[in-house]
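A.B. asks:
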């Protein structure tokens, strides 16, 4: 034995245990196995797993695996089992009888087995499972005696005959079912579970007759014959049309064939010392490190599922079956140590003996996933990197927003896009003003609109949630709601709003103003009435996991940083609390919608002369300065990228009569004149219109005011001893001259302010890359700009030629018909838009190697897209504050994934 | 001499004539010269040209050039003329005196010269010209005697003093002008030409005094001193601040310096045997091969220009000065043979002797350019390729459309974009219906609208011309008008239309319905009243030139073919007559605007069910089939690329009340219902909305009807013995699956039709490349499509993110501020959009080497863009019928240009 030990355990494992490379039969049983987990090619996936479970000491019901190599021999010998294999199978059965103390066809302790197929890859189309094989008349009597339940034994025999007839012999299942239905009719009952033993006795007799008629030969009574024919059926199914077709479609080649697994059946209903149960090594709901599960004594697995009897809490088992329970406790430790993850276990106790039927990685809630991962790492079961990799970024979303109680009843009337997560209830209102008034009086409200515009932002803030009838995942409502961390269901196309009469309709359902509805921002469901919610509670392990994620991210040398998109001090503070290391996109348009601001803004837009525009801009300056000072303070010491005004001016104009009257009044002109000027500003395709830097070039005074406000705010903060780090971003650049023209003019303004205030600050300017042409000309632009920020929303719109406001009419159909793999506004289109992103990053850096490159579109918060951002070497992603944790985790995954690939 | 001859004339010319490489003085005179045209480096451009004119035997007034090499010697010797140069100049003057029989300061036959600078490159900032040098008191008396005009001689002396003072001495010109003004005041006259001899005598005296006061020394009386100081001034100006700055900006390096040209003055006003004139070797207006020009006897060049005396037709000169005339005839032949192009000649006859003062390539009309080029090629003066290269493609545009009489008065009230050429007058109407009614009664009308839509196409057809207040060079109005060859002025922003009250206003000018206005589609001018027009007449040489262009184009091996964009049989016929070799883009949307069609179309769009849509489509099928049959017939034997329906459906919906009523009636539903359904189809950004293949995928029945119509039409034509060659183009593809999904479905429809009709025809499908993503994914798409057609209008919109309907608000400012070099909708943006075009062509061909690739955007008719299309290896361009000749010529230029570059 010394020699073997010197070779080390690893080389020992590689050697086929048992020595014979071309052996056909591989035994396994409680605590021993010939094979092991790495031998999938020879034993199939199922066989290898069974062997592994045995090898680590689990009490698995014994059995054997017939190797995949036999499958090809079977095919070559004209679909006949070679004589040596038959002999080996017989020997294996004898051994199994000896080990279990049971006998094939034994009327006292009958050996019953299951027969299952199992190739190296899971593969539909092959013969599946025969249970209770061996259950001939004698064995049936034995089972009846053991269980003290003749009806159960008869039912098991009936099921075995039917399964064998259908699965092994390929007889028509419906013919057998008709016999059963006839029996039910005769007995005057509705279900087969109501048939008594006598009736089942009759069914068994009829089944045997029917089998003989259909198969042309009697049902085999000899368990060995049953077994050999089942084995042949499994091997034969490997060459069946469905299995061959499946392998063709999935391009599966080079497999030897399927293996066959023969395993002893065990029963939890053999009396009061038998039982069955399901358990988890930790609480799958909370992640708490407790043994969690349920059991039923003298019962089968189906009984637990059927819900006729109420299962007991696992803790009770220690009283009833202390030995089995202690054994189970050992199994729990063994499993976590071996599989290094929380396991979901099925077990049966047969006459006081514990058997583990199955173990697999346990499904768990997001909360549990985080806690399990963190605690396992603290127990040193896994590394911290593994803990980080174990939690899916998207799962975090649910932890940060309230959810509906999964048990609560939902009266769903419509479905929209799950635009921003959360679970909210409130009274329906149809305008932003109503929302503000009602919310101020303390009533939770839900703002329902066809679509929202910047005018509605105040009302959105006041509302609990937002429901829109049109618009997609990046519509105004969706983007703003995500930014606020507010629940939103967007583009619920069936919702028809009649604002003037104060109701909306979905089909025949009418919902009036002030009626209560509920929105599920994770599923997109709209419900009437209120639904019980559960508060958000990410748990204390959440922060630990994210700090590990950040550490993992840094390891890659150039891991992505995560910034946030925020345009209010409160949002900036939230983002910072969630771990954002700066603001990647501070939009400035919403800042103009306050009560006094909007009037001044409209004055500016509708002014006829430069002088009048300047006058209005002077009114706006103090507001802007205050906004910027607040945001810079909330993100003090971290970079804040401020985008100059982007939307077309007409978005700020009033559409309602009193808005028009107010502006007419403020500007002291005729209302008709205001309408006329508004009309002239209208555009056919505002998305492609007079916006972004195009406005900046036509009306330089607007950007000048903004830059003045930014640097006055920064100077003010610096004088207070803070460390403001503003960066100015010029939007919608498509040509380098747009950028240089504005940059030159605006840097002058910034430096003038700093000089006047006697403050020193670096003046950093960069641009959005959101126009395809900017990506193409990125070398030129990169030579001039200090940073690039990909506006992938607009870049996606332009690269595809899709308007995100209008895609609702065809994009869902596109995804359904697989024209597109995914909504490109939700997940970055790597092969199209992605090529432009990569090209622009490369070309930009070719001109300026230290160019800082980030992404601030909605994709910045999408885990799949974040992986891509890492691959193409971006410096940071920026996303809504509430998605910052998700992005941090996704960034870590990207680094861990690429490190893994690099190895 | 035999030896010299054996060396051949060419090697002889290369040798510096005169032998001495570093000689300073290079003489020239009637019929002889030391230098020649290739010696620009040494003699400057002007000196080399003067030498060349002399060498080919032209009677050029004699003189000499001081070589550029002297310039650097001048600088090195501290801005002094080296002694040997002074001596050489003196010798040269002696020789000139001998040759001319005149003398410096000679009171009988004074020798007067001009002194001019002249470097190898023309260069502002250097000293320009001194005339009449040598005109001291004595010489003045001589000139007075010769001309018999003392006043003239005094005036010439006054001018010489003033010029010398300013140009050579750098004295303040205004001081001299004040003297002249004083003299005018004293004499009580308004202009200096009214001053009599006595007054001028006084002015000369005052000038000499002023000169002395300002310069600190008397005016030099010695002609040699005048000359030497002038020469120094020329050389000195080479190092002047302005000249140095100019060379710096234009990166001009490596030049030796400037040369100085000294040339005898000749006078056409020495008496009845003297005269002056201007002539062209051919008629610059018609191109006719006749000697064309004007002269005046006993006059100076200024007299011809001033228009005080009426010049005589050149033909009359044969009577007055037969010898000079015959000599001039010889000069004409000599010049065309030598310069191989039509020349514009200035001549003077001094006392019976002809002098040629200048010859240059003559400016000509488009008509003349074509005729001259063709006839010169036929005379073998130039090759056919040269003839093709001589005519600018854009010039042809003027030949194909009527133009306003350049003499006619124009009352311009507004300016728009020159969207489609032509010159038209007509009565103002504001709706398409009015246009049709009025035009039907025989009145020419001009349709004035804010913008046009497909609904207006009938009215546009009926109108003489179209004026729009908004929209750019590729707006609907512009594109459709160019397609029809109809005059259009687009985007005349000052025009404010009040349709309901029936007038439009430009500033204070009001133009009522039925008032007559005129449009100039070449300049973009809008005029009130009618302006005399001249009909279009390209002349018989036009077709010859274009056939040579086609031949030149074929020589390159892979020259561009020219197809047309046409969607009506009549347009197709026009295009074919203009030489189109197929249709590159047959739009199908205008076909749905006929009276009965539009109702059926609207029925289809507003139908609620597939069945109802199919019913409406069945009504449309016969119309489509008839359209396609007609177009295929007009282009029989040539490929016709038909684009399936492209615009969003709402473009077809009625906006006016009676339109809505008609649809409601046809569909038998409520008008309110129609309004509601229309509203639902509205889009925020229709350009990026539910259109093109996106419609095809959502409503496959529409494209199925179109494809059925195409192949039924083709089958019908084929059965009549014709050779229809339809190609089906799927628009707006951005992802290969869009294409394959539709192609598979529609090819099936096409093959079904052909099988049913028992006709064999190839079924060819391809796609537009107009979405940036399609260009990026062109390898995938090229593997599936049989042709690509670049829709560069949409590709430009998306690559820049510009809406062509809205760019009016900023694009003109962009071009003005040089943010962009040109309107990218007029001239293809080679560095941005062009990269995508090139990338797509390359990637597409990498997947399918025989992929046919063309361009069908508006750029297909723009010469600069056509050059690019050739460079990137496209197979064809497609443009409006009326631009086909321009494109053919531009395609030939591209080939000739690249062949030249390849050599």
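Chains as they are written, first to last, in the numbering used here: chain A, 4 to 906; chain B, 4 to 906.
Positions of the beta carbon are idealized from the N, C-alpha and C atoms, including for glycine.
From residue 100(B) to residue 114(B), what distance separates their C-alpha atoms?
C.D. replies: 7 angstroms
A.B. asks: Using the Cβ count rule (16 or more neighbours within 10 Å means buried), how would you classify residue 1(A)?
C.D. replies: As shown, chain A starts at 4 and ends at 906. That puts residue 1(A) outside it, with no answer to give.
A.B. asks: Taking residue 700(B) as the query, report the chain E residues whose CB atoms sit under 8 angstroms from its CB, ordered along the chain.
C.D. replies: Considering every chain present, this structure includes no chain E. Its protein chains are A and B.
A.B. asks: For residue 784(B) and chain A, any beta-carbon pair shorter than 8 angstroms?
C.D. replies: no
A.B. asks: According to the Cβ coordinates, are residue 794(B) and residue 730(B) closer than 8 angstroms?
C.D. replies: no
A.B. asks: Name the chain A residues that come within less than 9 angstroms of residue 740(B), Cβ to Cβ?
C.D. replies: 817, 820, 821, 822, 823
A.B. asks: By the three-class DSSP mapping on this structure, what secondary structure does residue 303(B) have?
C.D. replies: coil
A.B. asks: Beta carbons nearer than 7 angstroms to chain A: which residues of the segment 683-698 of chain B have them?
C.D. replies: 686, 687, 688, 689, 690, 691, 692, 693, 697
A.B. asks: Give the residues of chain B in contact with residue 507(A), contact being defined as C-beta atoms less than 8 angstroms apart.
C.D. replies: Neighbours of residue 507(A) on chain B: none; closest Cβ ~15 angstroms, over 8 angstroms.
A.B. asks: Just reading off the beta strand (DSSP E) that residue 358(B) is part of, what are its end residues?
C.D. replies: 356-364
A.B. asks: Closest Cβ-Cβ distance between residue 330(A) and chain B: below 8 angstroms?
C.D. replies: Contact with chain B is absent for residue 330(A), since none of that chain's Cβ atoms lies less than 8 angstroms from the residue's Cβ.
A.B. asks: At 7 angstroms on the CB atoms, spell out the chain A contacts of residue 805(B), in chain order.
C.D. replies: 691
A.B. asks: Within the 8 angstroms Cβ cut-off, does residue 608(B) reach chain A?
C.D. replies: Residue-level contact by beta carbon fails for residue 608(B) and chain A, as no gap is shorter than 8 angstroms.
A.B. asks: Just by C-beta distance, which residues in the segment 774-800 of chain A are closer than 8 angstroms to chain B?
C.D. replies: 774, 775, 776, 779, 780, 797, 800
A.B. asks: Relative to the alpha-carbon of residue 31(A), which residue among 47(A), 44(A), 522(A), 57(A) has its alpha-carbon at the smallest distance?
C.D. replies: 57(A)
A.B. asks: Could you tell me whether the segment 621-635 of chain A touches the segment 583-599 of chain A, where touching means 3 or more Cβ pairs closer than 8 angstroms?
C.D. replies: Contact holds between the segment 621-635 of chain A and the segment 583-599 of chain A, because three or more Cβ pairs, one in each stretch, are under 8 angstroms apart.
A.B. asks: Cβ of residue 620(B) less than 8 angstroms from any chain A Cβ?
C.D. replies: Chain A contact via Cβ: absent.
A.B. asks: Short check: CB of residue 265(A) to CB of residue 130(A), under 8 angstroms?
C.D. replies: Going by beta carbons, residue 265(A) and residue 130(A) fall outside the 8 angstroms limit.
A.B. asks: Are the beta-carbon atoms of residue 312(B) and residue 331(B) separated by less than 8 angstroms?
C.D. replies: no
A.B. asks: Given residue 14(B), which residues of its chain have a CB within under 8 angstroms of its CB, disregarding the five upstream and five downstream residues?
C.D. replies: With a pLDDT of 37 at residue 14(B), under the threshold of 50, the modelled position of this residue cannot be trusted; read the value that follows with caution. Excluding residues within five positions, none has a Cβ falling inside 8 angstroms.
A.B. asks: Starting from the C-beta of residue 899(A), find all residues in its chain whose C-beta is less than 7 angstroms away, skip the five residues before and the five after it, and write them out in chain order.
C.D. replies: 388, 391, 392, 555
A.B. asks: Tell me the residue span of the beta strand (DSSP E) that contains residue 77(A).
C.D. replies: Unbroken run through residue 77(A) is the alpha helix (DSSP H), 71-79; no beta strand (DSSP E).
A.B. asks: Report the three-state DSSP secondary structure of residue 30(A) (helix, strand or coil).
C.D. replies: Residue 30(A) falls in the strand class under three-state DSSP.
A.B. asks: Tell me which same chain residues have a C-beta within less than 7 angstroms of the C-beta of residue 908(A), skipping the five on either side of it?
C.D. replies: In the structure as shown, chain A begins at 4 and stops at 906. Residue 908(A) is therefore absent and cannot be evaluated.
A.B. asks: In chain order, what residues of the same chain have a beta carbon less than 7 angstroms from the beta carbon of residue 232(A), not counting five sequence neighbours either side?
C.D. replies: 171, 223
A.B. asks: Starting from residue 944(A), follow its DSSP beta bridges and name the residues at the other end.
C.D. replies: This structure cannot settle anything about residue 944(A), because the visible part of chain A is limited to 4 through 906.
A.B. asks: For residue 280(B), does the three-state DSSP call read helix, strand or coil?
C.D. replies: Strand, per DSSP.
A.B. asks: Where residue 150(A) and residue 422(A) are concerned, what is the direct C-alpha to C-alpha distance, given to the nearest angstrom?
C.D. replies: 56 angstroms
A.B. asks: In chain order, what residues of the same chain lie with their CB nearer than 6 angstroms to the CB of residue 209(A), ignoring the 5 residues before and after it?
C.D. replies: 182
A.B. asks: Could you check whether the Cβ of residue 838(A) sits closer than 8 angstroms to any Cβ belonging to chain B?
C.D. replies: yes
A.B. asks: Relative to the C-alpha of residue 66(B), which candidate in 74(B), 76(B), 400(B), 53(B) has its C-alpha closest?
C.D. replies: Here the closest residue by C-alpha is 53(B).
A.B. asks: What did DSSP end up calling residue 35(A) once you bin it into helix, strand or coil?
C.D. replies: It is a strand residue.
A.B. asks: Measure the C-alpha to C-alpha separation of residue 872(B) and residue 263(B) and round it to an integer number of angstroms.
C.D. replies: 46 angstroms
A.B. asks: Please name the residues in the segment 638-661 of chain B whose beta-carbon is closer than 7 angstroms to at least one beta-carbon of chain A, in chain order.
C.D. replies: none
A.B. asks: Which whole-angstrom value describes the C-beta separation of residue 316(A) and residue 297(A), a residue pair presumed to lie in contact below a C-beta threshold of 8 angstroms?
C.D. replies: 6 angstroms
A.B. asks: Could you give the first and the last residue of the continuous beta strand (DSSP E) run that contains residue 452(B)?
C.D. replies: 448-452
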